[in-house]
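Report on the following structure.
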Amino acid sequence: MRNTLLAALVLALPGAAFAEEAKNPAAPRIAYFTLVGTEMNALVAMVKGETEYDAAKASRGAADLVALTQYSGDDLMAPGTSNADLPGKTRALPKIWEDMAGYGAAGKAFGDAVTELAAVAGNGKDALAPAVAKLGGTCKGCHDTYRAKDF
Ligand code: HEC
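Written out as structure tokens, the structure reads:
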């Protein structure tokens, strides 16, 4: 009985789980970067003093970013999902696919900055601030070249 129920649940999954992806093949990529942005925003708020610095929270946020950089993301970059292919549905510029090496290098700079951030995030606001600023520079570095100004 339990197994039957489980099988039914698994069979029911694809339609529900993939509906969003079918509507917009770029949705998983946008979702990934939304997670990155969520963690970054929380750290920036601490640096700006909009929220109180909390060593444990800062370390957890940095660790979440580390986890996100460990996600290969290969399946997020399927050909045919640029803003030329899917107008209005993504900000990813065709340049990504024309220059995968450059995009990869921008991703590596981001990964390195996240590693540096994770090493110091719990060491006080004065240690957190420059690491967050450096990380922010790597977001901008990629966005300026590979992300459209708007959808
Ligand atoms: C290697 C390139 C790269 C790096 C590094 C990068 N991004 Fe992005 N980001 C993109 C691309 C490309 C998109 C557009 C995705 C799409 O629309 O399909 C994007 C989208 C986003 C989005 C989704 C919302 C929107 O309007 O586009 C957020 C939020 C975001 N990035 C935040 C960040 C933050 C914060 C960082 C740094 C901590 C960062 N990104 C680092 C390439 C990058």
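When the letters of the sequence shown are read in order and numbered with mature numbering (1 follows the signal peptide of the UniProt record, and there is no 0), they come out as residues -19 to -1, 1 to 132.
Using N, Cα and C, we set each Cβ at its ideal position, and we do this for glycine too.
Contact test: residue i Cβ vs the ligand HEC heavy atom, cutoff 6 Å
i      : result
L116   : yes
G17    : At residue 17 the sequence reads Val, which differs from the Gly that was named. Because some heavy atom of the ligand HEC lies under 6 Å away, the Cβ of V17 counts as near it: yes.
G83    : no
R41    : no
G88    : yes
M58    : no
T(-16) : no
A108   : no
Y13    : no
T71    : yes
A7     : yes
Straight-line Cα distance separating residue j from residue i
i           : j      : result
T126        : V95    : 20 Å
A108        : A102   : 7 Å
residue 176 : K89    : Because the chain here runs from -19 to 132, residue 176 falls outside it and cannot be looked at.
K106        : A23    : 13 Å
K115        : A(-8)  : 45 Å
V28         : L98    : 13 Å
T32         : K38    : 11 Å
H124        : K130   : 9 Å
I11         : T71    : 8 Å
L74         : T(-16) : 45 Å
Y13         : L57    : 9 Å
T62         : S53    : 17 Å
P60         : N5     : 14 Å
For residue i, the first and last residue of its enclosing alpha helix (DSSP H)
i    : result
D93  : 81 to 101
M27  : 8 to 29
R128 : That residue, R128, is in no alpha helix (DSSP H); it is neither H nor E in DSSP.
T50  : 36 to 51
Burial state of residue i (16 or more Cβ within 10 Å)
i    : result
F132 : exposed
A3   : exposed
A86  : exposed
Validate contact between the segment 12 to 23 and the segment 40 to 56 using beta carbons, cut 8 Å, 3 pairs:
Using a C-beta cut-off of 8 Å, the segment 12 to 23 makes contact with the segment 40 to 56, since at least three inter-stretch Cβ pairs fall below that distance.
So does the segment 110 to 121 actually touch the segment 54 to 72, counting three or more Cβ pairs closer than 8 Å? In short, these stretches do not touch, since the Cβ pair count stays below three.
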